[in-house]
Amino acid sequence: MSDALTSLIPIYGPWIIFGIVALESAGVPLPGETILIGAALLAATGQIKIVIVVLAAAAGAIVGDGMGYMVGRRLGLPFLRRYGRYIRLDEDRLLIGRYLFLQYGNAVVFFGRFIALLRMFAALLAGANSMPAGRFFFFNIAGGFCWACLFGFGAYAVGAEIYKISGALSVISLGLFIAAGYALSIFIRRNEAALRRRAEVALSSCSCG
């Protein structure tokens, strides 16, 4: 699926990047980060400009998160409990997400963009937990822009080196870049059970719904 979507980038340019990233940010399980990296690597070959890639991804992240926030704000936690499983937000992940949000709300909105477990759900949780709109959009815009710049320009730089350098060094560089991007995601997944237990204790001791 990711390869098919990436192949559309030279044809539809920033629109496909914006659309996929926005939908993922709003809660739809699509490979937004993969599309950003793929587009940045294409930019290294001259098929699209890297500035356009980064701006389209940042705009998609900000708009998509805004949509997710509004859905969460209007429909709340009961809606997420009932329909969350359709977007891979099961009861355990909802519990962990609420716990992380209530403990580190601002950081979750900003850094949630970088973490696979939270990328689709951070905005929904922010809205459902009634985070003030001004504060949400400040961290949303900052996080979306930083994420797009880091992964966009980072992948572009690695891609440019791949076309200049042959041999094992270029492969190692690409591998290290991808590994760094998913390090936090792996940590969260491996510690999901421990986080769930902490969330159960924390949320049971307060009136968080």
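Each residue of the sequence shown is one higher than the one before, starting from 0 at the first, in numbering that gives the first Met the number 0.
For glycine and all other residues, C-beta sits at the position ideal for the given N, C-alpha and C.
Quantities reported herein were computed from a predicted structural model and do not represent experimental measurements.
Helix, strand or coil at residue i [DSSP, three-state]
{"i": "Phe120", "result": "coil"}
{"i": "Met130", "result": "coil"}
{"i": "Ala58", "result": "helix"}
{"i": "Ile47", "result": "coil"}
{"i": "Arg72", "result": "helix"}
{"i": "Val27", "result": "coil"}
{"i": "Leu40", "result": "helix"}
{"i": "Arg87", "result": "coil"}
{"i": "Ile114", "result": "coil"}
{"i": "Ile15", "result": "helix"}
{"i": "Ile164", "result": "Below a pLDDT of 50, predicted positions are generally treated as unreliable, and Ile164, at 48, falls in that range; the measurement from the model is reported next regardless. Note: Ile164 maps to coil in three-state DSSP."}
N-terminal and C-terminal residue of the alpha helix (DSSP H) that residue i is part of
{"i": "Asn105", "result": "90 to 110"}
{"i": "Ile8", "result": "8 to 11"}
7 Å Cβ shell around residue i - same chain, five flanking residues per side excluded
{"i": "Trp146", "result": "Ala60, Arg112, Phe113"}
{"i": "Ala58", "result": "Phe17"}
Cβ-Cβ separation, residue j to residue i (assumed contact under 8 Å), whole Å
{"i": "Arg73", "j": "Leu93", "result": "The Cβ separation is near 17 Å, so there is no contact."}
{"i": "Glu199", "j": "Arg118", "result": "Their Cβ separation, rounded to whole angstroms, is 23 Å, which puts Glu199 and Arg118 out of contact at 8 Å."}
{"i": "Gly220", "j": "Ile47", "result": "Residue 220 falls outside the range modelled here, since the chain spans only 0 to 208, and no answer is possible."}
{"i": "Phe144", "j": "Leu35", "result": "Wrong, their Cβ atoms sit about 13 Å apart, outside the cutoff."}
{"i": "Arg197", "j": "Tyr85", "result": "Actually they do not touch by this definition, with Cβ atoms about 26 Å apart."}
{"i": "Gly26", "j": "Phe120", "result": "7 Å"}
{"i": "Arg87", "j": "Pro28", "result": "6 Å"}
Closer than 8 Å: residue i CB and nearest the ligand PLP heavy atom
{"i": "Trp14", "result": "No copy of the ligand PLP occurs in the structure displayed, which carries no ligand at all."}
Contact set for residue i: own chain, Cβ-Cβ below 8 Å, skip 5 residues either direction
{"i": "Gly65", "result": "Ala122, Phe136, Asn139"}
Cutoff 6 Å; reference residue i; Cβ partners in own chain excluding five residues on either side
{"i": "Ile164", "result": "Because the pLDDT of Ile164 is 48, which lies under 50, any placement of that residue in the model is unreliable, and the number read from its coordinates should be weighed accordingly. Same-chain partners within the cutoff: there are none."}
{"i": "Leu124", "result": "Gly96, Phe100"}
Open item on the list: I'd like to know if the stretch 139 to 156 and the stretch 32 to 46 are in contact, where contact means that at least 3 CB-CB pairs between them fall below 8 Å.
Closed with: yes
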